[in-house]
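To start, the structure itself, in structure tokens.
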């Protein structure tokens, strides 16, 4: 493995040097990953902190900047970080997931080197191994426009990163062991806002100003609804794409998603509630923070917090209708001067259609989640190394469509050709809503 890892590092350095121009700005960061004990919901739990913080430090850079993030693992187990939403074109060995990266072993470090190539927007990073994500280890990412690119809204007076997510008091290792035994997880114990429990997080507005809130759902499994008491949310960006601007009373943010909203501080100068509530699960849970107007004193928000929104809590149709109301701004630039909508979508040559069917099955006496009848098992050799060195027996290439066979464990891979356009159809056979993440790729929703 040491020799294979060395070869992978050498290859990464050679290839990445060819992809980065000399004039691009470089950002250098050092992050130490450690355990910390926190009690956000009143129960002590071992969490994963970055430089002693939860959430971790902001990764703030500009389109085409190159980030060098040196991650030192002081945990007693292997660790990886992944950059949720960043595409990492032709640079998957810095994506930070098992199969493309060797894990950072205890006491060791690894420097991720990647470029925000042709991207803008709001994203986040998080751990990718085991269930480390349920112990924290996440933080915000901002990819700002280059100065030569106009932003399709006035420059806000300030920005806030708002990381929301469900939280379990159960230790993350215990959660993983429970899943490995084929048992499901109980409902989460609560919702955190920027790593804090109910009524602990605060943001401060100045009357008459406008703020950009970059909201990311960093949770384990729960879709969330986000709202501000007495304030409208003007959606301007979702998943790195500028949207047609539209006001919402609240926004659904599903696991892994990020959105940007503009909020005008145009209400009476006092304190207001920021509320996050669960969707599609029982019992309904809430996270609450406070929005303070500067100079309004220390009085708590008046009136009832907008907690009980029963009309939307279990309404799948309402959530789907809201999602379908979000439209790309086809005339504004983003990472480039040309409009986001200048691509000739009708001329896309779809070369292949994949059908990914998720389900549950009993395999070896344990309940497993499957895709096309296979419950994925990580191989002992990183898949990229196995592919590059043509090591037989590490993984199996499959068609990308359900096959008539009994459910089984396996390490399956769907192959594709560089620059091909692939249509993917997702089929959910379970009675609960599922979220999918296409790591390192962007896509168009067509149906």
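In mature numbering (1 follows the signal peptide of the UniProt record, and there is no 0), the protein residues as written are -22 to -1, 1 to 425.
All C-beta atoms in this analysis are idealised placements derived from N, C-alpha and C, irrespective of residue type, glycine included.
No experiment lies behind these values; they were computed from the predicted model shown.
Between which residues of its own chain and residue i is the CB-CB distance below 8 angstroms, once the five residues before and five after are set aside?
i, result
"residue 421", "402"
"residue 75", "58, 60, 106, 417"
"residue 327", "399"
"residue 157", "109, 163"
"residue 238", "99, 100, 190, 191, 192, 193, 213, 214, 215, 216"
"residue 294", "258, 411"
"residue 408", "336, 337, 338"
"residue 332", "378, 379, 392, 400, 401, 402, 403"
"residue 159", "344"
Can you have a look at residue i and say buried or exposed, based on whether 16 or more other CB atoms are within 10 angstroms of its CB?
i, result
"residue 143", "buried"
"residue 101", "buried"
"residue 205", "buried"
"residue 66", "buried"
"residue 221", "buried"
"residue 110", "buried"
"residue 280", "exposed"
"residue 113", "buried"
"residue 329", "exposed"
"residue 413", "exposed"
"residue 51", "buried"
"residue 234", "buried"
"residue 166", "buried"
"residue 359", "buried"
"residue 252", "buried"
"residue 265", "buried"
"residue 367", "exposed"
"residue 406", "exposed"
"residue 173", "buried"
"residue 362", "buried"
"residue 18", "buried"
Need the endpoints of the beta strand (DSSP E) that residue i sits in, please.
i, result
"residue 236", "236 to 242"
"residue 332", "328 to 341"
"residue 349", "344 to 349"
"residue 256", "249 to 257"
"residue 203", "201 to 206"
"residue 61", "59 to 62"
"residue 6", "4 to 16"
"residue 403", "399 to 406"
"residue 210", "Run containing residue 210: none; DSSP gives neither H nor E here."
"residue 270", "264 to 271"
"residue 192", "188 to 195"
"residue 373", "Here residue 373 belongs to no beta strand (DSSP E), and DSSP marks it neither H nor E."
"residue 88", "87 to 93"
"residue 139", "136 to 145"
"residue 105", "99 to 105"
"residue 118", "117 to 122"
"residue 83", "Looking at the DSSP string, residue 83 is not in any beta strand (DSSP E), and its letter there is neither H nor E."
"residue 162", "Unbroken run through residue 162: none, as it is neither H nor E."
Do you know offhand how far residue i's Cα is from residue j's?
i, j, result
"residue 134", "residue 187", "8 angstroms"
"residue 255", "residue 350", "33 angstroms"
"residue 23", "residue 346", "27 angstroms"
"residue 195", "residue 103", "11 angstroms"
"residue 482", "residue 202", "In the structure as shown, the chain begins at -22 and stops at 425. Residue 482 is therefore absent and cannot be evaluated."
"residue 310", "residue 130", "6 angstroms"
"residue 387", "residue 308", "44 angstroms"
"residue 354", "residue 391", "10 angstroms"
"residue 230", "residue 35", "25 angstroms"
"residue 209", "residue 116", "28 angstroms"
"residue 263", "residue 232", "15 angstroms"
"residue 155", "residue 344", "12 angstroms"
"residue 356", "residue 69", "21 angstroms"
"residue 313", "residue 128", "10 angstroms"
"residue 375", "residue 177", "50 angstroms"
"residue 226", "residue 297", "12 angstroms"
"residue 244", "residue 303", "25 angstroms"
"residue 73", "residue 199", "21 angstroms"
"residue 85", "residue 342", "35 angstroms"
"residue 170", "residue 25", "13 angstroms"
"residue 136", "residue 240", "10 angstroms"
"residue 49", "residue 56", "12 angstroms"
"residue 21", "residue 82", "29 angstroms"
Starting from residue i, trace the alpha helix (DSSP H) both ways and give me its first and last residue.
i, result
"residue 302", "294 to 303"
"residue 150", "150 to 158"
"residue 364", "361 to 366"
Tell me which residues share the same chain as residue i and place their Cβ nearer than 6 angstroms to its Cβ, disregarding the 5 neighbours each side in the sequence.
i, result
"residue -16", "A caution first: residue -16 carries a pLDDT of 39, below 50, which makes its placement in the model unreliable, though a value can still be read off. The answer is none, since no qualifying residue turns up."
"residue 2", "42, 44"
Ignore the nearest five residues each way along the sequence and tell me which others in residue i's own chain have a CB closer than 7 angstroms to its CB.
i, result
"residue 419", "65"
"residue 305", "221, 222"
Shorter than 7 angstroms, the distance from the beta carbon of residue i to the closest heavy atom of the ligand ZN, or not?
i, result
"residue 79", "By its list of ligands, the structure shown contains no ligand whatsoever, and the ligand ZN lies outside what it can speak to."
Practice task
Specify whether the stretch 118 to 128 and the stretch 94 to 105 touch according to this definition: at least 3 beta carbon pairs, one from each stretch, less than 8 angstroms apart.
Solution key: yes
Problem - Any 3 or more C-beta pairs closer than 8 angstroms across the stretch 141 to 156 and the stretch 206 to 218 - result: The count of Cβ pairs closer than 8 angstroms, one atom from the stretch 141 to 156 and one from the stretch 206 to 218, stays below three, leaving the stretches out of contact.
Exercise for the section: Would you be able to state if there are at least three C-beta pairs under 8 angstroms between the stretch 1 to 13 and the stretch 25 to 42? Expected result: yes
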